[in-house]
Amino acid sequence: MLSRYDKMPSAMISGNLVGKTIGTVGTEIKERLAKIDKPAGVNVVYSGQMDMQSKSFSSMGIALLASIIFMYLIMVMLYDSYVYPMVVMASLPLSIIGALLALALAGKSLSMFSIMGIIMLMGLVAKNAILVVDFANNMQKSGHSAIESIKEATSVRFRPILMTNLALIVGLLPLALATGPGAEWKTGLGWVLVGGLTSSMFLSLLVVPVIYILLDKVVYKFKKGK
84 MLSRYDKMPS AMISGNLVGK TIGTVGTEIK ERLAKIDKPA GVNVVYSGQM
134 DMQSKSFSSM GIALLASIIF MYLIMVMLYD SYVYPMVVMA SLPLSIIGAL
184 LALALAGKSL SMFSIMGIIM LMGLVAKNAI LVVDFANNMQ KSGHSAIESI
234 KEATSVRFRP ILMTNLALIV GLLPLALATG PGAEWKTGLG WVLVGGLTSS
284 MFLSLLVVPV IYILLDKVVY KFKKGK
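Count along the sequence shown from 1, add 83, and you get the number used in this note's numbering.
In structure tokens, the structure reads:
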């Protein structure tokens with residue numbers, strides 16, 4: 084249908100999607116249009132849900148950043164320290180690695196629902212590190228060294244972390260493997276959560292103790308300097 088857009092002659096092409104997300108189809112369209120030599124003065128403007136999704140990405144990014152900041156501030160109040168919450172925060176990127184890897188292996192694109200899953204993942208993953216750090220801090224208060232405390236904390240908390248994460252992963256698999264109308268929206272969210280929980284379950288138990296010991300040395304030197 085011929086019409087006018089910004090006082091210029093225009094032709095609108097629209098369609099409905101079945102089985103694929105807007106992000107996936109949008110990427111394919113842009114790649115194909117990039118290979119076409121368009122006449123001078125011919126431009127392509129994306130509107131509708133593609134335009135809405137691109138705008139929503141920026142707002143979702145702000146929401147993700149805000150959730151991380153608020154999480155850190157809450158833990159600062161709980162631990163009465165600016166240092167130990169950093170140990171917990173260090174576990175968050177580990178989950179994002181697994182989330183993006185799961186999306187890639189499943190052949191899913193990063194969509195608005197996937198970003199929502201990453202925001203949800205922040206809270207779910209932080210609890211693993213909180214369990215370890217809290218146990219280690221209590222042991223240090225009892226007179227144990229930082230290395231002894233984090234070793235014991237990792238050993239004691241491994242089983243609860245493993246059980247809770249496996250329960251969550253198994254419960255989310257039907258969402259990740261869903262089929263039928265509208266499933267393309269759900270599966271991205273499901274794979275983000277499954278991948279993020281899986282990677283954080285193992286990597287956090289390796290990385291968190293190392294960061295805990297390093298930051299504890301920094302705190303010790305700072306107190307000794309005073």
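We put the beta carbon where it would ideally sit given N, CA and C, even for glycine.
If contacts are defined as beta-carbon pairs under 8 Å, then residue i and residue j qualify, I think. What distance do you get, rounded to the angstrom?
| i | j | result |
| --- | --- | --- |
| Gly271 | Phe196 | 5 Å |
| Gly181 | Gly278 | 4 Å |
| Met205 | Leu175 | 6 Å |
| Ile201 | Ile179 | 6 Å |
| Leu177 | Phe241 | Actually they are not in contact, since the Cβ atoms of Leu177 and Phe241 sit about 16 Å apart, beyond 8 Å. |
| Tyr295 | Val216 | 6 Å |
| Met158 | Leu298 | About 13 Å; that fails the 8 Å criterion. |
Measure the Cβ-Cβ separation of residue i and residue j and say whether it is below 9 Å.
| i | j | result |
| --- | --- | --- |
| Leu207 | Leu280 | yes |
| Ile213 | Val171 | yes |
| Thr247 | Lys210 | yes |
| Tyr167 | Asn221 | no |
| Ser93 | Ser86 | yes |
| Leu186 | Ser282 | no |
Tell me the rounded alpha-carbon separation between residue i and residue j.
| i | j | result |
| --- | --- | --- |
| Lys118 | Glu111 | 11 Å |
| Trp268 | Ala259 | 10 Å |
| Ile198 | Asp120 | 34 Å |
| Leu194 | Ala266 | In the sequence as displayed, the identity of residue 194 is Ser instead of Leu. Near 13 Å, if we compare the C-alpha coordinates of Ala266 and Ser194. |
| Leu188 | Leu256 | 15 Å |
| Val291 | Ser238 | 13 Å |
| Asn126 | Ser192 | 25 Å |
| Ala229 | Leu161 | 20 Å |
| Leu116 | Val128 | 12 Å |
| Val361 | Ala250 | Nothing can be reported for residue 361: it is not among the residues displayed for the chain, which extend from 84 to 309. |
| Ser141 | Pro243 | 36 Å |
| Leu263 | Gly273 | Looking at the sequence itself, residue 263 is Gly, so the reference to Leu does not match. Near 15 Å, if we compare the C-alpha coordinates of Gly273 and Gly263. |
| Phe285 | Phe218 | 18 Å |
| Gln223 | Leu245 | 24 Å |
| Lys306 | Ala149 | 31 Å |
| Tyr165 | His227 | 21 Å |
| Gly190 | Ser225 | 50 Å |
| Pro122 | Met91 | 15 Å |
| Tyr155 | Ala173 | 11 Å |
| Asp163 | Val293 | 21 Å |
| Met95 | Glu114 | 19 Å |
| Ala261 | Phe153 | 33 Å |
If we cut at 9 Å on Cβ distances, does residue i have a partner in chain B?
| i | result |
| --- | --- |
| Val277 | Among the protein chains of the structure shown there is no chain B, as only one such chain exists. |
Which parts of the region 205-287 are runs of the beta strand (DSSP E), unbroken and 3 residues or longer, counting only runs that do not cross its ends? none
Considering only residues of the region 148-213, which uninterrupted alpha helix (DSSP H) runs meet the minimum length of 4 residues and lie entirely inside it, listed in chain order? 167-172 and 175-189
Could you check whether the region 248-255 touches the region 221-235, counting it as contact only if at least three pairs of C-beta atoms, one from each stretch, sit closer than 8 Å? no
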